[in-house]
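Contents: one structure, followed by commentary.
Numbering (this note's numbering), first residue to last: 3 to 653.
Next up, the structure:
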């Protein structure tokens with residue numbers, strides 16, 4: 003580079019030395035010629051010419067038919083053009099206008115230009131490559147950030163716990179693809195003990211799919227909570243989605259309503275993969291016709307029903323399962339799924355069996371192409387029951403075996419048990435033990451195979467809190483914890499590792515380790531005896547004040563608050579006002595799920611062209627609204643009076 007600059011300085015000095023007595027007048031004239039910014043089309047014939055003749059070219063004398071670039075060079079007053087060619091590629095042009103003197107460019111000038119070009123071309127190519135790498139790095143970081151946001155949206159809105167129904171067993175599995183598709187599933191508690199079951203898939207990937215998923219889920223839940231039939235829920239959702247859905251995007255969705263007492267399952271389908279009902283090797287597809295949501299206006303959706311007998315299962319799934327390919331480019335497919343269900347033993351764990359068969363099909367090193375979601379609903383035989391006694395399942399989920407995911411599990415456990423108000427020191431001990439157990443499961447049980455998930459369960463009773471961590475390393479049982487020999491480790495007679503089980507045992511009140519043909523399980527038990535249990539309830543009451551529907555919120559806005567909040571908002575909509583005010587004055591706590599719920603209400607308000615307002619937020623939650631940008635989309639007032647006064651003034 004130093005040699006290149008030296009040549010350039012020498013060349014400029016050479017040109018200055020050859021300037022004649024008319025320099026100033028000619029210079030004034032040449033300054034009127036703008037240095038052209040020229041984009042040469044890839045098919046312009048001048049490129050082939052420059053590659054054949056990589057030396058100084060007299061533009062006035064050059065004749066090439068059909069070359070827009072040559073015409074542009076002539077119009078710009080370029081006299082000489084020197085191609086910069088590096089490794090057989092044209093990377094730039096060094097263009098010169100008229101000489102400042104009356105003399106023409108000499109052979110020496112051209113020789114110096116050719117020498118300069120031979121050294122400038124590689125330097126320009128290197129600079130281009132560095133610039134391209136910088137652009138690629140920025141684009142990569144932008145995409146990674148979008149993926150993080152999309153994953154956060156999805157994980158926040160997925161159910162934190164599975165429904166517990168007497169005589170029934172429900173299970174779910176979700177594994178996001180690298181580029182995060184739009185899969186979602188949900189459970190909705192309806193009147194008379196009925197349960198709504200949702201599964202859907204949004205076209206596209208990344209943030210657009212995640213945002214559309216969040217909007218669709220919110221609309222579906224709000225309509226389902228009115229008690230509408232499955233077909234009506236899909237029809238009304240399609241009506242709301244279609245006008246504003248982005249081009250080339252749509253949502254496949256199946257909505258079913260289960261009556262636990264009778265086993266009756268009513269369902270409607272908006273273009274989603276057909277569920278399978280099976281028992282004792284007999285598999286039946288549950289068919290109902292309907293177009294995907296958002297694709298066409300004025301759609302109706304057929305309703306069907308079936309009754310599940312004791313011992314029967316239903317599988318709901320996304321296309322990421324059946325459209326997966328193995329190394330031979332063979333697709334998993336619907337026939338294979340049916341054969342696997344037919345071969346499954348009656349007492350087998352449906353999801354575990356399917357995942358084991360699925361992994362055998364795709365093989366090691368499989369790159370996941372799409373989200374994979376499975377939901378199973380089983381009606382238990384009378385002899386089957388639950389092994390958890392009086393414990394309540396607070397949450398159950400799976401997470402890929404990837405380094406760093408233990409932090410996600412630790413944080414989520416902390417969020418789930420927050421309503422129990424465990425003292426800080428005790429909670430930190432539990433979270434550390436949870437992180438250690440998760441690392442143990444990912445590393446020693448699943449060997450950091452991302453497609454082998456770690457299963458996490460959080461349960462609570464009046465006397466204890468239990469966190470279970472399960473892995474798929476059933477062939478390598480977890481040893482009982484022993485006291486590490488620090489002296490032997492310092493003397494390098496033992497590995498410095500091996501602290502995990504010891505830490506777990508000393509951080510919680512009790513530790514249980516078990517293995518079976520399916521899982522290794524570590525059970526962490528934290529005693530709650532002597533603690534004041536305060537699972538705070540949530541209330542949302544609607545009233546009408548000065549032509550504004552006000553929803554008074556009380557308690558904690560988290561997963562357990564969702565149904566009550568959706569019902570209250572639907573009731574507020576019935577008031578017919580142009581504004582709805584959320585009063586947070588009596589709210590104790592809002593977690594990330596609560597933020598997601600408010601985002602859903604805001605999406606509903608914007609679709610209906612209704613203003614959503616907020617008041618009574620503490621300073622902390624005013625800051626949270628600012629960080630999440632909620633404050634950019636809904637007006638925040640210090641109290642109810644100021645909100646009412648503002649609305650009256652604008653009326």
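Even glycine gets a Cβ: it sits at the ideal position worked out from N, Cα and C. Remember, it's a predicted structure, so these values are computed and weren't measured experimentally.
Using a Cβ-Cβ cutoff of less than 8 Å, which residues in the same chain neighbour residue i once the five nearest sequence positions on both sides are dropped?
i           : result
residue 624 : 633 and 638
residue 450 : 403, 404, 405 and 444
residue 648 : 637 and 639
residue 305 : 231, 232, 233, 268, 269, 270 and 290
residue 73  : none
Spatial neighbours of residue i within its chain, please: C-beta separation below 6 Å, excluding the five flanking residues on both sides.
i           : result
residue 567 : 542 and 599
residue 565 : 191
residue 459 : 398 and 470
residue 9   : Because the pLDDT of residue 9 is 44, which lies under 50, any placement of that residue in the model is unreliable, and the question is left without a value.
residue 563 : 540
residue 115 : 58 and 84
Quick test of your reading: residue i and residue j, contact by CB under 8 Å. State the CB separation rounded to the nearest angstrom.
i           : j           : result
residue 295 : residue 240 : 5 Å
residue 376 : residue 401 : Residue 376 to residue 401, Cβ: 15 Å. No contact.
residue 322 : residue 185 : 7 Å
residue 202 : residue 303 : Not quite, the Cβ-Cβ distance comes to about 13 Å (not below 8 Å), so this is no contact.
residue 2   : residue 56  : With the chain running from 3 to 653 in the structure shown, residue 2 is simply not present.
residue 348 : residue 282 : 6 Å
residue 645 : residue 617 : 5 Å
residue 415 : residue 436 : 5 Å
residue 315 : residue 378 : 6 Å
residue 614 : residue 603 : 6 Å
Please confirm whether residue i has its beta-carbon closer than 9 Å to some beta-carbon of chain C.
i           : result
residue 327 : Annotation note: the requested chain C is absent from the structure, which comprises a single protein chain.
Quick check: what's the CA-CA separation for residue i versus residue j?
i           : j           : result
residue 112 : residue 141 : 41 Å
residue 606 : residue 49  : 56 Å
residue 413 : residue 433 : 8 Å
residue 343 : residue 518 : 22 Å
residue 608 : residue 635 : 9 Å
residue 627 : residue 87  : 55 Å
residue 556 : residue 428 : 27 Å
residue 135 : residue 122 : 20 Å
residue 653 : residue 220 : 29 Å
residue 456 : residue 178 : 14 Å
residue 61  : residue 125 : 24 Å
residue 89  : residue 369 : 36 Å
residue 101 : residue 137 : 38 Å
residue 130 : residue 147 : 26 Å
residue 461 : residue 396 : 5 Å
residue 640 : residue 423 : 28 Å
residue 63  : residue 80  : 11 Å
residue 249 : residue 217 : 16 Å
residue 492 : residue 454 : Any reading at residue 492 must be qualified, since the residue scores a pLDDT of 48, below 50, and its modelled position is unreliable; the value itself is stated next. Looking at the two C-alpha atoms, the distance is approximately 35 Å.
residue 521 : residue 447 : 9 Å
residue 611 : residue 582 : 11 Å
residue 528 : residue 551 : 44 Å
residue 40  : residue 71  : 7 Å
residue 387 : residue 170 : Its pLDDT being 43, under 50, residue 387 is placed unreliably by the model, and nothing is read from it.
residue 252 : residue 299 : 12 Å
residue 339 : residue 93  : 54 Å
residue 335 : residue 207 : 22 Å
residue 1   : residue 558 : The structure shown has nothing for residue 1, since the chain only spans 3 to 653.
residue 407 : residue 439 : 12 Å
Identify, in the order they occur along the chain, each residue of the same chain with its Cβ nearer than 7 Å to the Cβ of residue i, setting aside the five sequence neighbours on each side.
i           : result
residue 47  : 66, 68 and 69
residue 293 : 272, 273 and 301
residue 364 : 326 and 328
residue 361 : 453
Open item on the list: Within 8 Å, do at least three Cβ pairs link the region 271 to 285 to the region 238 to 258?
Closed with: Contact between the region 238 to 258 and the region 271 to 285 is present, because at least three Cβ pairs lie under 8 Å.
Task: Any beta strand (DSSP E) of 3 or more consecutive residues that is wholly inside the region 210 to 261 - done: 253 to 261
TODO: Could I get the ranges of all uninterrupted alpha helix (DSSP H) runs contained in the region 78 to 104, with 4 residues as the minimum, in chain order?
DONE: none
Task: At least three beta-carbon pairs within less than 8 Å, the region 226 to 246 to the region 614 to 623 - done: no
- [ ] Could you tell me whether the region 576 to 586 touches the region 190 to 201, using the rule of 3 or more Cβ pairs below 8 Å?
- [x] Touching, no, given that fewer than three Cβ pairs across the two stretches are closer than 8 Å.
Open item on the list: Is it the case that the region 356 to 367 contacts the region 286 to 295, given that we only count it when at least three CB pairs across the two stretches are under 8 Å?
Closed with: no
Task: Inter-stretch contact at 8 Å, needing at least 3 Cβ pairs: the region 295 to 312 / the region 259 to 266 - done: yes
Task: Minimum length 3: unbroken beta strand (DSSP E) runs contained in the region 414 to 486 - done: 456 to 462 and 466 to 473, all fully within the region 414 to 486.
- [ ] Can you check the region 536 to 606 for any beta strand (DSSP E) of at least 3 residues that lies completely inside it and give the ranges in chain order?
- [x] Segments of the beta strand (DSSP E) lying fully in the region 536 to 606: 541 to 547, 550 to 559 and 581 to 592.
Task: Residue ranges of each alpha helix (DSSP H) within the region 32 to 72, 4 or longer - done: Whole alpha helix (DSSP H) segments, 4+ residues: 47 to 54.
Task: Uninterrupted beta strand (DSSP E) stretches inside the region 257 to 302 (no shorter than 3 residues) - done: 266 to 272, 278 to 281 and 284 to 287
Open item on the list: As an exercise, report each continuous beta strand (DSSP E) stretch of at least 3 residues that is fully enclosed by the region 297 to 335, in chain order.
Closed with: 305 to 309 and 315 to 319
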